[in-house]
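As structure tokens, the structure follows; a few thoughts come after it.
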DNA sequence: GACTGTGAAGCCATTCACAGCT
DNA sequence: AGCTGTGAATGGCTTCACAGTC
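Chains as they are written, first to last, in my numbering: chain A, 1 to 210; chain B, 1 to 210.
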């Protein structure tokens, strides 16, 4: 493996390129240049080439990139050639929305179950995904070899839930609770804070007003 | 105005500090050091001090920061002293979840209405927030002086909806649709792509396996 | 003694510019 | 002629280390 340190920003962009390439392919486009990709995703052509260069030489000089090949390569880089087993914890509004989110299924994610401790919800299904009690979370993760847990519970319970996931052998956590979470070093953790995103927006808006 | 260019990463962290300070305050803590904040948010103390130093001198040498004062200052920096009017477009799962998301109300955001073009939903309310037809979006934004639009419609309609928002005089857009959106230079745009977040997770997980 | 505020150093990411291929 | 791949230059963010203050 030659790669050593790849900027996270590069990975984010690769994911965006991938979606754009998929769109191009659907429109019957077979070849694309770094300049065209840049235009499609609001970036620069040098940036696109640099990002791809971390992982190999996917293009043809004088020509460009083959849309399908390139997308296949990116999908491989992102680790999406095999599907991932996912559980969602929290059957509230956000958890329900995430469990039906088409974008997950379309990429390589199987949402296998939702867990909640509201007795009235247990046994129900959200768009085909069953709801189980949190007491079964640990065993389910272990038995079904779930690799990713999406946390959509109130902030107060977030750490507690993550601890259960970790003890059951989860490998990655996507946390939507607005709370700082601790996990062991070998567990991947990403936080999505919806309010933070709005606040960055307002900061910029308040700024430009001057 | 002395500030010229503040890293976006700093703004994101300020938002996180703010939430942590709020939590400290609720626990009765009145004074805090940069080191303690760093510990609470998984950062470094130097980073905390640098972030704050962009905007002024809020601490006392040898002592630390006053929790309440500092949080007040950050809230001011983030532009959250006045409340912002927000509309959500798309009454699907995600739009519904967002419209009831407590984190928005708790900070400075009024979710005034949800818009959708599904006739069966018009007139209903999602947790107190009314649903109106998209045909009324333009006039509502204008009349109610809505500053922020949250886009939670399918990717195909996202640009279309944003165009309406812009023409009605919106100032900021938070886009959840997995599609690259164009807006004029004077409109703030932020994208939250849920699938991208999962994909970064899988990239890192696939990496560490080697 | 403890902790902030900050210049300087170090590190990382992006942009530039061009050599190399088709 | 057109476009990729990449070393070099630039710019930006983070970390270090310490002077300044309480």
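Even for Gly, the Cβ is constructed at its ideal location relative to N, Cα and C.
Would you check if the distance between the CB atom of residue 97 of chain B and the CB atom of residue 94 of chain A is smaller than 8 Å? Start at 1 with the first residue of the second chain, and residue 97 of chain B comes out as number 97. Start at 1 with the first residue of the first chain, and residue 94 of chain A comes out as number 94. Result yes, Cβ atoms of residue 97 of chain B and residue 94 of chain A sit closer than 8 Å.
With a cut-off of 8 Å on the beta carbons, I'd call residue 99 of chain A and residue 134 of chain A a contact; round off their distance for me. Working through the first chain from its first residue, we reach residue 99 of chain A at position 99. Working through the first chain from its first residue, we reach residue 134 of chain A at position 134. At roughly 15 Å, the Cβ-Cβ gap does not stay under 8 Å, so residue 99 of chain A and residue 134 of chain A are not in contact.
Could you tell me the alpha carbon to alpha carbon distance between residue 130 of chain B and residue 142 of chain B, rounded to whole angstroms? Within the second chain, numbered from 1, the residue matching residue 130 of chain B stands at position 130. Within the second chain, numbered from 1, the residue matching residue 142 of chain B stands at position 142. For residue 130 of chain B and residue 142 of chain B, the gap between their C-alpha atoms comes out near 17 Å.
Who are the near neighbours of residue 2 of chain A in its chain, counting only those whose CB is closer than 6 Å to its CB and skipping five residues on each side? As a working note, residue 2 of chain A is residue 2 in the first chain. For residue 2 of chain A, the predicted model reports a pLDDT of 42, less than 50, meaning its position is unreliable; a value from the coordinates is still stated below. Taken in chain order, the list of residues that qualify is empty.
Give the interface partners of residue 147 of chain B over in chain A, defined as CB-CB distance under 9 Å, in chain order. Residue numbering aside, residue 147 of chain B sits at position 147 when the second chain is read from its first letter. Residues of chain A with a Cβ closer than 9 Å to the Cβ of residue 147 of chain B are, in chain order, 202, 205.
Which same chain residues, not among the five before or five after residue 138 of chain B, have their C-beta less than 6 Å away from its C-beta? As a first step, residue 138 of chain B is located in the second chain; it is residue number 138 there, counting from the start. The residues are 164, 168.
Give the residues of chain B in contact with residue 196 of chain A, contact being defined as C-beta atoms less than 8 Å apart. Within the first chain, numbered from 1, the residue matching residue 196 of chain A stands at position 196. Per Cβ cutoff of 8 Å: 12, 15, 16.
With residue 35 of chain B as the anchor, note down where its alpha helix (DSSP H) starts and where it stops. Counted from its first residue, the second chain places residue 35 of chain B at position 35. Residues 34-41.
Decide if residue 46 of chain A is buried, meaning its Cβ has at least 16 other Cβ atoms within 10 Å, or exposed. Position 46 of the first chain, counted from the first residue, corresponds to residue 46 of chain A. Exposed, because fewer than 16 other Cβ atoms sit within 10 Å of the Cβ of residue 46 of chain A.
With a threshold of 16 other CB atoms inside 10 Å of the CB of residue 191 of chain B, please say whether the residue is buried or exposed. Within the second chain, the letter at position 191 stands for residue 191 of chain B. The residue in question, residue 191 of chain B, is buried, as its Cβ has 16 or more Cβ neighbours within 10 Å.
Mind listing the chain B neighbours of residue 63 of chain A? Cutoff is C-beta to C-beta under 9 Å, in chain order. Counted from its first residue, the first chain places residue 63 of chain A at position 63. Chain B residues near residue 63 of chain A: none, gap ~24 Å exceeds 9 Å.
What is the DSSP secondary structure of residue 64 of chain A, reduced to helix, strand or coil? Residue 64 of chain A sits at position 64 when you count from the first residue of the first chain. Correct three-state label for residue 64 of chain A: strand.
Can you give me the start and stop residues for the alpha helix (DSSP H) that residue 52 of chain B sits inside? Counting from 1 along the second chain, the entry for residue 52 of chain B is found at position 52. Looking at the DSSP string, the run of the alpha helix (DSSP H) that includes residue 52 of chain B is 45-53.
Between which residues of its own chain and residue 187 of chain B is the CB-CB distance below 8 Å, once the five residues before and five after are set aside? In the second chain, residue 187 of chain B corresponds to position 187, counting from 1. In the same chain as residue 187 of chain B, and ignoring 5 residues on each side of it, the C-beta atoms closer than 8 Å to its own belong to 166, 170, 171, 172, 173, in chain order.
Backbone secondary structure at residue 1 of chain A - three-state DSSP: Here residue 1 of chain A is taken as the residue at index 1 of the first chain, counted from 1. Below a pLDDT of 50, predicted positions are generally treated as unreliable, and residue 1 of chain A, at 38, falls in that range; the measurement from the model is reported next regardless. The answer is coil: DSSP assigns residue 1 of chain A none of H, G, I, E or B.
Can a CB atom of chain A be found closer than 8 Å to the CB of residue 40 of chain B? Locating residue 40 of chain B in the second chain gives position 40, where the first residue counts as 1. Answer yes: the Cβ-Cβ gap between residue 40 of chain B and chain A drops below 8 Å somewhere.
Report buried or exposed for residue 116 of chain B, applying the criterion of at least 16 other Cβ atoms within 10 angstroms of its Cβ. Position 116 of the second chain, counting from 1, holds the residue named residue 116 of chain B. With 16 or more Cβ atoms within 10 Å of its Cβ, residue 116 of chain B is classed as buried.
Near residue 109 of chain A, which residues of its chain fall below 6 Å by C-beta distance, leaving aside the five closest residues on each side in sequence? Taking the first residue of the first chain as 1, we reach residue 109 of chain A at position 109. Same-chain partners within the cutoff: 84, 86.
Pick helix, strand or coil for residue 113 of chain A, following the three-state DSSP scheme. Residue 113 of chain A sits at position 113 when you count from the first residue of the first chain. Here residue 113 of chain A sits in strand by DSSP.
Out of B/15, B/25, B/180, state which residue places its alpha-carbon closest to the alpha-carbon of residue 159 of chain B. Your numbering for residue 159 of chain B matches position 159 in the second chain. Checking every option, the nearest Cα to that of residue 159 of chain B belongs to B/180.
Enclosing beta strand (DSSP E) for residue 106 of chain A [first to last residue]: Numbered from 1 along the first chain, position 106 holds the residue referred to as residue 106 of chain A. Here residue 106 of chain A belongs to no beta strand (DSSP E); instead the alpha helix (DSSP H) covers 102-106.
Output the boundary residues of the beta strand (DSSP E) element that contains residue 189 of chain A. For the purposes of this step, residue 189 of chain A is identified with residue 189 of the first chain, where counting begins at 1. Run containing residue 189 of chain A: 188-191, per the beta strand (DSSP E) assignment.
Assigned exposure category for residue 154 of chain B - 16 Cβ within 10 Å defines buried: Here the question's residue 154 of chain B lines up with position 154 in the second chain. Exposed: under 16 other Cβ atoms inside 10 Å.
Those runs of the alpha helix (DSSP H) which lie wholly inside the stretch 128-173 of chain A and span at least 4 residues: 137-143, 155-167
Check each residue of the stretch 89-116 of chain B: if its Cβ is closer than 9 Å to any Cβ of chain A, include it; give the result in chain order. For the stretch 89-116 of chain B, residues whose beta-carbon sits nearer than 9 Å to a beta-carbon of chain A comprise 92, 93, 94, 95, 96, 97, 98, 99, 100, 101, 102, 103, 104, 106, 107, 108, 109.
Which chain A residues sit within Cβ distance under 8 Å of residue 24 of chain B? On the second chain, position 24 is the one that residue 24 of chain B refers to. Within chain A, no residue comes near residue 24 of chain B; the closest Cβ sits about 12 Å away, beyond 8 Å.
Using a beta-carbon distance below 8 Å, is residue 79 of chain B in contact with chain A? In the second chain, counting from the first residue as 1, residue 79 of chain B sits at position 79. Yes, residue 79 of chain B counts as interfacial toward chain A.
Please compile the residues from chain A whose C-beta is within a distance smaller than 9 Å of the C-beta of residue 190 of chain B. For the purposes of this step, residue 190 of chain B is taken as residue 190 along the second chain, with counting starting at 1. Those within 9 Å of residue 190 of chain B in chain A are 197, 198, 200, 201, 204.
For residue 31 of chain B, the residue or residues it bridges with in DSSP: Start at 1 with the first residue of the second chain, and residue 31 of chain B comes out as number 31. In the DSSP output, where bridge partners are listed per residue, residue 31 of chain B has B/66.
Compare the C-beta of residue 2 of chain B with all C-beta atoms of chain A and state if any pair is closer than 8 Å. Taking the second chain and counting its residues from 1, one reaches residue 2 of chain B at position 2. Reliability fails at residue 2 of chain B, whose pLDDT of 41 lies under 50, so the model's placement of it is uncertain and the value that follows must be treated cautiously. Residue 2 of chain B does not count as touching chain A.
CA-CA distance, residue 200 of chain A and residue 49 of chain B? To locate residue 200 of chain A, count along the first chain from 1; it is residue 200. To locate residue 49 of chain B, count along the second chain from 1; it is residue 49. Cα to Cα, the separation comes out at about 19 Å.
With a threshold of 8 Å between beta carbons, is residue 8 of chain A in contact with chain B? Along the first chain, read from residue 1 onward, the residue named residue 8 of chain A stands at position 8. Output row for residue 8 of chain A: interface = yes.
Simplified DSSP assignment, three categories, for residue 71 of chain B: Translated into positions along the second chain, residue 71 of chain B becomes position 71. Helix at residue 71 of chain B.
Please list the partners that residue 174 of chain A has in chain B, where partner means a Cβ-to-Cβ separation under 7 Å. Counting from one through the first chain, the residue named residue 174 of chain A turns up at place 174. Per Cβ cutoff of 7 Å: 197, 198, 201.
Chain-ordered neighbours of residue 171 of chain B on chain A, where CB pairs are closer than 8 Å: Position 171 of the second chain, counted from the first residue, corresponds to residue 171 of chain B. Simply 205.
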